[in-house]
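Here is the structure we will look at.
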Amino acid sequence: MTYQAHFRLWRGDSDGGELKDHTVEVNEGEVVLDIIHRIQATQAPDLAVRWNCKAGKCGSCSAEINGKPRLMCMSRMNTFTQEETVTVTPMRTFPIIRDLVTDVSFNYEKARQFPAFAPPDLPLGEYRMAQVDVERSQEFRKCIECFLCQDVCHVIRDREDNKKAFSGPRFLIRAAELAMHPLDARKDRADFARTEQGIGLCNITKCCTEVCPEHIKITDNAIIPMKERVVDRSYDPLVWLGNKIRRRTD
Amino acid sequence: MSEFERFEYDVVVIGAGGAGLRAAIEAREHGLRTAIVCKSLFGKAHTVMAEGGIAAAMGNVNSKDSWQVHFRDTMRGGKFLNNPRMAELHAQESPDRVWELETYGALFDRTPDGRISQRNFGGHEYPRLAHVGDRTGLELIRTLQQKIVSLQQDDLKEHGDFEARIKVFAECTITDLPRTDGKVSGALGYWRESGKFVVFEAPAVIIATGGIGKNFKITSNSWEGTGDGLALALRTGATLVNMEFIQFHPTGMIWPPSVKGLLVTESVRGDGGVLRNSEGKRFMFDYVPEVFRGQYAESEEEGDRWYKDPEHNKRPPELLPRDEVARAINSEVKAGRGTAHGGVFLDVSTRLPAEEILRKLPAMHHQFKELADVDITKEPMEVGPTCHYLMGGIEVDADTTATRVPGLFACGESAGGMHGSNRLGGNSLSDLLVFGRRAGAGAAAYVLGLGENRPKVRQSDLEAGEAVAVAPFENEGENPYTLHQELQGTMNDLVGIIRRQGEIREAIAALEALKVRAATVGVEGHRQFNPGWHLALDLRNMLTVSTCVALAALEREESRGGHTREDFPGMNPTWRGVNLICSLDGDGGSVLIEHKPVPTIRRDLFELFERPELAKYFTEAEVATLDEPPAAPEQGTQP
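Chains as they are written, first to last, in our numbering: chain A, 577 to 826; chain B, 689 to 1327.
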């Protein structure tokens, strides 16, 4: 089962870099991250790579493998032929730090701009929610923040100028999560998605859903329902009139 | 000397797992300026891997549950070596800590009447674990992360700056904790990204760096679990307690090799999964130890009835505490009844319908499908023991989490005592919350008590710290990866799940030899994001911590919980009362080990147990204290 594989890894920093070739041993049952670690331990000890759990749960080892955004720990080597060259490059949407490591602070800034869960006025231990109601939000809380959806999203991939206005799929599911949270006291999640998160820029090509390692139905279950809420709240003339008359501020 | 980037804080929390984040929230809510320093990105800590749940006697599923029952289970699980005050506080406070998470936005699975659902777990008498499918740890981390963001949003409103009172320093490693006049004065470290040095001047430091799994070859822990905090504490003059107690989780994945060690949650067994050997036998019925006899089902039929009717049946022995199950698996494999890859079968496919497996164990299904190409609804998993958790750790005061060094606090897995010789599943996440909060409060009280009288970091501390950190670039010695692999092999093979005197001695000699080689370890390249250099610096921590484990394992001549000595197979009531305390002899000196008594269990807590049970663990004299009249309250006879 053991064979010698051909890998090409992007090496460099913010000033530029290039693909470097490596011939490296591969054993049965290994994943791309195992091979990266072997290269690090035997050929390139200063190869920069982020990783943690190696189990698809922490979302640290995001990269582009043969051009596709993926977690290196969840990419089994037996999905490639032995002759195939495996090319690993850093996520393209974020600035390079070094080698396979990118600066993902964009995501943390967007997270900070997003209004937190607003707890209801209930004593500790008195929250009551039905399982069927929490499940909708729970799907979005499966997110491991690997930011592959952000990386693949064409609204911000190669479109630096859109980054300010668009929060990306990761935070649109956060919006949906709280909009569907049975006890969130804020009622303006859809308004925020429209005015601050740029949900209108998304034209539902579903690229984010395709790359999500947690198989969250980002487009169908989060973005489209949020777009519908935006339409209901902002563009339905009756709702508009009602809001004006009742001067809703929430 | 290089320029040190300088920051001033009231409290520095090292580690951004559950304990560190909860501690930071508490310190900040006490009005202190708080820094969180972590080796990874914010939100990636090993806590995300926790699967089963958070143990808390809320009584949502069985109203008979109470903190007293939880306390009792915890002490039994730890074989009565726990710090009883910690176990008491933990059992009393964990329900509030769980409910608090709901106010931060956590979404736990629900009971039919809408409360937080609770599941069965090994060693817990009643269904007690609050959970979110099998990704409870992720929910915990994300919830605490989002709470911190919400506190930052409050600070923006109040001070015009998100980071006015709480800031996360991600991908930053702490290498030293300087002291001035015996008190902690701050923390030195480097940015992993740039390699540049940084100093945090702060009168209080909370260590929440988690475990030491990366000292072993087969482990469920992420790379961060190198035991930095324990080594930092030792070098600063604090002590470690009971480092011999390491939990080998019974069910780690054993195939394929790249995921060897990765955890298979205990919920698989709690929800109906059974262990079988290569002959198809449910072997756990043969391994119910004397102390647990009568508490577990004696036939498969009774065990199976328990899942539906726990009131009138005893639970199956697959749900014995983890140390028992790990040893049983080890014995079956040794007896030649293991699987092709050296484990046993964990089967849920013949026990539950596929849709139920998918609903209850989605993350496990996903993990096996994607990583091992195994469909757990159709075939059994192959599992075996994996190094999972350190029961020992930094010695702390139960109420405040203070160590022996003024200004130094510790909580979570890096602190010892709470779990005794063996931890129950689900008691880790609750431990993080209960003692994370107490660490934040303890540090706050200490800092407020200091007033203006804060110790200062000295220039000489910076110089010394830098010299140690840059040494690997000047050395031409071995590659750190080689040494790390040898260290892991030594610990796994010689101080692993079953221990013998001769092998432990061999390990101690091997560790000494590795220390000599580590002193000249060399790295290539420069300081910018250089994993070889990072590992070289972590190595010295791992060698210190591993030495403590080996010395304590050699010293304790009995078998108890996470410490099994083949040459001393039984529990010894005299050793039950002994804590092994490790300290460093001077700066960077050798490890000293001494015996200290385990704190006495208060009379009212002692009386929660039946006498025959206590007689299995305690000396006759200790049990006989129950015959004495209870101490009179207030005006006692004590001097």
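Idealized CB from N, CA, C, for every residue including glycine.
- [ ] Assign residue 1028 of chain B to one of two classes, buried (16 or more other C-beta atoms within 10 Å of its C-beta) or exposed (fewer than that).
- [x] exposed
- [ ] Give the interface partners of residue 1150 of chain B over in chain A, defined as CB-CB distance under 8 angstroms, in chain order.
- [x] Simply none; closest approach about 25 angstroms.
Open item on the list: For residue 824 of chain A and residue 746 of chain A, what's the separation of their Cα atoms in angstroms?
Closed with: Summary for residue 824 of chain A: the model assigns pLDDT 49, below 50, so the residue's position carries little reliability; its value from the coordinates is reported in the next sentence. Distance between the alpha carbons of residue 824 of chain A and residue 746 of chain A is about 29 angstroms.
Open item on the list: By the DSSP assignment, the alpha helix (DSSP H) with residue 1029 of chain B in it spans what residues?
Closed with: Careful: residue 1029 of chain B lies outside any alpha helix (DSSP H) and carries neither H nor E.
Open item on the list: For a minimum of 4 consecutive residues, which ranges assigned as the alpha helix (DSSP H) are wholly contained in the segment 666–750 of chain A?
Closed with: 681–689, 707–717, 724–728
Open item on the list: For residue 1179 of chain B, report the span of its alpha helix (DSSP H) as first-last.
Closed with: 1168–1182
Open item on the list: Strictly under 8 angstroms for the Cβ-Cβ distance: is residue 815 of chain B near chain A by that measure?
Closed with: no
Task: Under 9 angstroms by beta carbon: chain D residues contacting residue 738 of chain A - done: Within the model displayed, chain D is absent; protein chains A and B are what it includes.
Task: Option nearest residue 587 of chain A by Cα separation, candidates A/630, A/775, A/639, A/602 - done: A/639
Open item on the list: Just verifying my parser: in three-state terms, what is the DSSP assignment at residue 876 of chain B?
Closed with: strand
- [ ] Specify, as a first and last residue, the run of the alpha helix (DSSP H) that residue 792 of chain B falls within.
- [x] 772–792
Open item on the list: In chain order, what are the residue ranges of uninterrupted alpha helix (DSSP H) at least 4 long that sit wholly in the segment 964–1041 of chain B?
Closed with: 988–996, 1010–1022
TODO: Please go through the segment 1089–1161 of chain B and give each complete beta strand (DSSP E) segment of 3 or more residues, from N-terminal end onward.
DONE: 1096–1098
- [ ] Take residue 741 of chain A and list the residues in its own chain whose beta-carbon comes closer than 6 angstroms to its own, dropping the five residues that flank it on each side.
- [x] 774
- [ ] Identify each residue in the segment 691–708 of chain A for which the Cβ-Cβ distance to at least one residue of chain B is less than 8 angstroms, and report them in chain order.
- [x] 691, 692, 693, 695, 700, 701, 703, 704, 705, 706, 707
Task: Rounded straight-line distance, which links the Cα of residue 861 of chain B to that of residue 1018 of chain B - done: 37 angstroms
Task: Euclidean distance between Cα positions of residue 1273 of chain B and residue 895 of chain B - done: 21 angstroms
Task: Cβ-based contacts, 7 angstroms cut-off: residues of the segment 640–666 of chain A near chain B - done: 650
- [ ] Within its chain, find whatever has a CB closer than 6 angstroms to the CB of residue 789 of chain B; leave out the 5 residues flanking it on each side and keep chain order.
- [x] 831
- [ ] Decide if residue 1047 of chain B is buried, meaning its Cβ has at least 16 other Cβ atoms within 10 Å, or exposed.
- [x] exposed
Open item on the list: Looking only at its chain, what residues have a beta carbon closer than 8 angstroms to the beta carbon of residue 851 of chain B, apart from the 5 residues adjacent to it on each side?
Closed with: 840, 843
Task: Any 3 or more C-beta pairs closer than 8 angstroms across the segment 1166–1181 of chain B and the segment 623–643 of chain A - done: no
Task: Cβ neighbour criterion (16 or more within 10 Å) applied to residue 594 of chain A - done: exposed
Task: CB contact flag (residue 932 of chain B, residue 727 of chain B, <8 angstroms) - done: no
Task: Reference residue 942 of chain B; option with closest CA among B/1281, B/1265, B/1070 - done: B/1070
TODO: Step through the CB atoms of chain B and report whether any lies within less than 8 angstroms of the CB of residue 714 of chain A.
DONE: yes
Task: Extent of the continuous beta strand (DSSP E) to which residue 597 of chain A belongs - done: 592–602
TODO: Determine, using beta-carbon pairs with one atom in the segment 752–766 of chain B and one in the segment 1089–1100 of chain B, whether at least three such pairs fall under 8 angstroms.
DONE: no
Task: Integer Cβ distance of residue 699 of chain A from residue 761 of chain A, believed to fall under 8 angstroms - done: Going by Cβ atoms, the distance from residue 699 of chain A to residue 761 of chain A rounds to 15 angstroms, so no, they are not a contact pair.
Open item on the list: Quick check on residue 900 of chain B: does DSSP put it in helix, strand or coil?
Closed with: coil
Task: residue 1271 of chain B versus B/1083, B/906, B/816, B/1056, residue with shortest Cα-Cα distance - done: B/1083
Task: Contact under 8 angstroms by Cβ, residue 1228 of chain B with residue 1197 of chain B - done: no
TODO: May I ask which residues mark the beginning and end of the alpha helix (DSSP H) holding residue 891 of chain B?
DONE: No alpha helix (DSSP H) contains residue 891 of chain B, which DSSP labels as neither H nor E.
- [ ] Look up residue 699 of chain B in the DSSP assignment and say whether it is helix, strand or coil.
- [x] strand
Open item on the list: For a test of the three-state rule: what should DSSP assign to residue 629 of chain A, helix, strand or coil?
Closed with: coil
TODO: Answer yes or no: do residue 608 of chain A and residue 662 of chain A have a C-beta to C-beta separation smaller than 8 angstroms?
DONE: yes
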